[in-house]
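Data first, discussion second: the structure below is written as structure tokens.
Protein chains: 2
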Amino acid sequence: MRIGILGYGNLGRGVEAAVRQNPDMELVAVFTRRNPESVKIKTESAKVLCVDAMENWKDKIDVLILCGGSATDLPVQTPKYAKMFNCIDSFDTHANIPVHFENVDKSAKEGGKVAIISVGWDPGLFSLNRMYANAILPEGNDYTFWGRGVSQGHSDAIRRVKGVKDGKQYTVPVEKAIQAVKNAENPMLSTREKHTRECFVVLEDGADSIQVEHDIVTMPNYFADYDTTVHFISEEEFKKNHSGIPHGGFVLRSGVTGLNKDEKHIIEYSLKLDSNPGFTSSVLVAYARAAFRMYKEGQTGCKTVFDVPPAYLSPKSAEELRKTML
Amino acid sequence: MRIGILGYGNLGRGVEAAVRQNPDMELVAVFTRRNPESVKIKTESAKVLCVDAMENWKDKIDVLILCGGSATDLPVQTPKYAKMFNCIDSFDTHANIPVHFENVDKSAKEGGKVAIISVGWDPGLFSLNRMYANAILPEGNDYTFWGRGVSQGHSDAIRRVKGVKDGKQYTVPVEKAIQAVKNAENPMLSTREKHTRECFVVLEDGADSIQVEHDIVTMPNYFADYDTTVHFISEEEFKKNHSGIPHGGFVLRSGVTGLNKDEKHIIEYSLKLDSNPGFTSSVLVAYARAAFRMYKEGQTGCKTVFDVPPAYLSPKSAEELRKTML
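If you're matching them up, the sequences are chains A and B in order.
Using the numbering used here, read the first sequence as starting at 284 and increasing by one per residue.
Using the numbering used here, read the second sequence as starting at 284 and increasing by one per residue.
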């Protein structure tokens, strides 16, 4: 299976590493909007090329994995390239998924290709688990907690505050809330009761820490509705302890069965990830395998994780899966 | 969707209750090997019938849910009835799944029906999670822990010991072992290190508790390889505190990503169930919906949870799922 990558940031590099862990795949090209000569990749056998060259690669790539952002890249790129390639993206603006789906579906059908959108862990594996748990326990409550992990958006927001040289924000699920859910107490939880926000900030020389802290914790949309803690640390400590991009979270469903609805059940799915892009890219690569299989079967159009038979993600045959994993 | 049940034990009663929680389904008939007049069900609109009458119901049932045991019932029943009905079973003798699959596949194809076998939580949801996690993290280790919950087989074994009036066995996962896995320590765990076994026993009048305890803890295959605790309790306490059939467990995969394989990730799926049959039957019912959809699409033959697109389990449309759950 010949894989192409569009965009060589954290996610693109993660896909490159993940492809190496899958012997049935080969990275053949990385497409970039930068000057290709300025981009050094780790796979000697693969080419680095300008995005303008993509059209010439239509028949040399089985699946293109799009590694751009959801704000401006993917809404344009996935519909554009789904005409030429089987595509995987990690579009994660939940509210815009229906529109993105329609756009990609139209293109993929036009080109006779398969595109799977919104692949990753949320949306992605978390969505799958929400869906399975809801189908199995139709009467119940859903809970999703994120973290402990780095929120890129909130870290960006911190860095825009005057006096901040560098900053990172961790979203932290409230242990007490998780325990209440696991105990089948079906709590009603406010935003503040579910997560806290912990910020690590390096100040500019001469900045006023009281003012910076105030500007962060009162920031609307990002921090005002949460209990937020701000830690001021040295640049050295920041680099040493806060250079990673860990993340994770929990999807829980608490539901009842029985004639009297007195049997309580808890379904829990949780992830603890050293590297958000490292894990997300591994999900993308598994779904690339599925997209290519669906394409070879003659399917076309846009799909999501809900549409993909689980076995299509695995390099193992159906017989082997039944024998070893069922 | 018209549902039939074959076998009205704990699981059959669970399916009856689960059907009521799904407005797109209706229980139309319960088939039994007992005298139908001796079987009282909770659904007034459904009939109780002798198994011999099943053939006459071929066109009046959309999916038959088989609620017999894996030892002797299902190996015969599922191949037999997959010729006449779309079928769901919970066949759980892992080692015999390939043979059972072949037998059911042949029948279902002959009859132009869909049968989904080995549905439940293990095999079933646990298998699914093992498979997804392996496809996403190809380099890593799998761990499955069961419990805390009642093992029917081990409880039966206790009750066969001389001097035992009644007994129940709980399989208990070792917390220390689970924590080591969650900490990505990738431990090598012996049978004894993963689970302990806790027994609650009501003695016959005049029985020798020392002898009974000895006979239980040294029993080969069942208890000898485990740290087993035996509690002797009164019949009253037994009925009060040990009449339920709770169960659950954990599926964990610990894996690595990254060029240097230094990013560690933990995927965890866990269930905490008040009633094993209550939950299992809810899984069966969700897969009944999927079987009927696959049948209506023209598919035939034997399937497992690995083959079923997740969306087929849900009563919601694809649009609705994308909008609300992705």
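Every residue, glycine too, gets a C-beta built ideally from N, C-alpha and C.
Just so we're clear, the structure is a prediction, and the values are computed from it rather than from any experiment.
Measuring straight from C-alpha to C-alpha, what distance separates residue i and residue j?
i, j, result
"M308 (chain A)", "M284 (chain A)", "5 Å"
"N524 (chain A)", "F483 (chain A)", "10 Å"
"V444 (chain A)", "K606 (chain A)", "56 Å"
"T583 (chain A)", "F589 (chain A)", "15 Å"
"Y277 (chain A)", "N293 (chain A)", "With chain A covering 284 to 609 only, the question about residue 277 (chain A) has no answer from this structure."
"H437 (chain B)", "K451 (chain B)", "8 Å"
"G394 (chain A)", "E385 (chain A)", "14 Å"
"V485 (chain A)", "H497 (chain A)", "15 Å"
"N559 (chain A)", "N543 (chain B)", "16 Å"
"K366 (chain B)", "T355 (chain B)", "19 Å"
"Y453 (chain A)", "G287 (chain B)", "51 Å"
"L349 (chain A)", "Y570 (chain A)", "12 Å"
"A567 (chain B)", "G352 (chain A)", "It is Leu, not Ala, that sits at residue 567 (chain B) in the sequence shown. In a straight line, the C-alpha of L567 (chain B) is about 40 Å away from that of G352 (chain A)."
"N379 (chain A)", "T587 (chain A)", "14 Å"
"Y509 (chain A)", "L472 (chain A)", "13 Å"
"I528 (chain B)", "R576 (chain A)", "42 Å"
"Q360 (chain B)", "P362 (chain A)", "49 Å"
"P612 (chain B)", "S373 (chain B)", "Chain B is shown from 284 up to 609; residue 612 (chain B) falls before or after that span and cannot be answered."
"N466 (chain A)", "K522 (chain A)", "39 Å"
"P592 (chain B)", "I371 (chain B)", "16 Å"
"A329 (chain B)", "P598 (chain B)", "22 Å"
"V447 (chain B)", "T376 (chain B)", "28 Å"
"H514 (chain B)", "Q435 (chain B)", "17 Å"
"V346 (chain B)", "L408 (chain A)", "29 Å"
"Q618 (chain B)", "L596 (chain B)", "For residue 618 (chain B) there is no data in the structure shown, the boundaries of chain B being 284 and 609."
"V313 (chain A)", "Y364 (chain A)", "14 Å"
Grab me the residues of residue i's own chain with a C-beta within less than 6 Å of its C-beta, minus the 5 sequence neighbours each way, in chain order.
i, result
"K392 (chain A)", "T583, G584"
"G295 (chain A)", "I288, C350"
"A440 (chain A)", "Y505"
"Y552 (chain A)", "N412, V534"
"I550 (chain A)", "A416, R536"
"F562 (chain A)", "L556"
"G423 (chain A)", "R536, S537, G538"
"N469 (chain A)", "N424, S537"
Taking its Cβ as the centre, do 16 or more other Cβ atoms sit within 10 Å of residue i, making it buried, or is it exposed?
i, result
"N412 (chain A)", "buried"
"P306 (chain A)", "exposed"
"G541 (chain B)", "buried"
"T474 (chain B)", "exposed"
"R572 (chain A)", "buried"
"Q494 (chain B)", "exposed"
"D545 (chain B)", "exposed"
"S321 (chain B)", "exposed"
"D335 (chain A)", "exposed"
"G297 (chain B)", "buried"
"S401 (chain A)", "buried"
"K579 (chain B)", "exposed"
"S492 (chain A)", "exposed"
"S526 (chain B)", "exposed"
"G489 (chain B)", "exposed"
Just checking my contact of residue i with residue j at CB under 8 Å: how many whole Å lie between their CB atoms?
i, j, result
"Y291 (chain B)", "I324 (chain B)", "7 Å"
"V539 (chain B)", "K547 (chain B)", "6 Å"
"S565 (chain B)", "I419 (chain A)", "5 Å"
"A594 (chain A)", "L604 (chain A)", "6 Å"
"H530 (chain B)", "V433 (chain B)", "6 Å"
"A655 (chain B)", "I399 (chain B)", "The structure shown does not extend to residue 655 (chain B), since chain B spans only 284 to 609, so no value can be given for it."
"D425 (chain B)", "E518 (chain B)", "Actually they do not touch by this definition, with Cβ atoms about 41 Å apart."
Based on DSSP bridge pairs, tell me the residues matched to residue i.
i, result
"H383 (chain A)", "Note: H383 (chain A) sits in no beta bridge, so no partner."
"E546 (chain A)", "A:T540"
"C370 (chain A)", "A:L347, A:A398"
"L535 (chain B)", "B:Y426, B:E551"
"H478 (chain B)", "B:P456"
"E309 (chain A)", "A:R285"
"G584 (chain A)", "A:V397"
"H530 (chain A)", "A:L556"
"G407 (chain B)", "B:W404"
"H514 (chain A)", "A:F483"
Ignore the nearest five residues each way along the sequence and tell me which others in residue i's own chain have a CB closer than 7 Å to its CB.
i, result
"T326 (chain B)", "E299, L310"
"E338 (chain B)", "M367"
"A507 (chain B)", "T501"
"E476 (chain A)", "V457, A460"
"P358 (chain B)", "H383"
With a CB to CB cut of under 8 Å and the five nearest residues on each side skipped, what residues in its chain are close to residue i?
i, result
"V455 (chain B)", "G430, R431, H478, T479, R480, E481"
"P319 (chain B)", "V331, L332, C333"
"T511 (chain B)", "T479, R480, E481, C482, I499, V500"
"P421 (chain B)", "G538"
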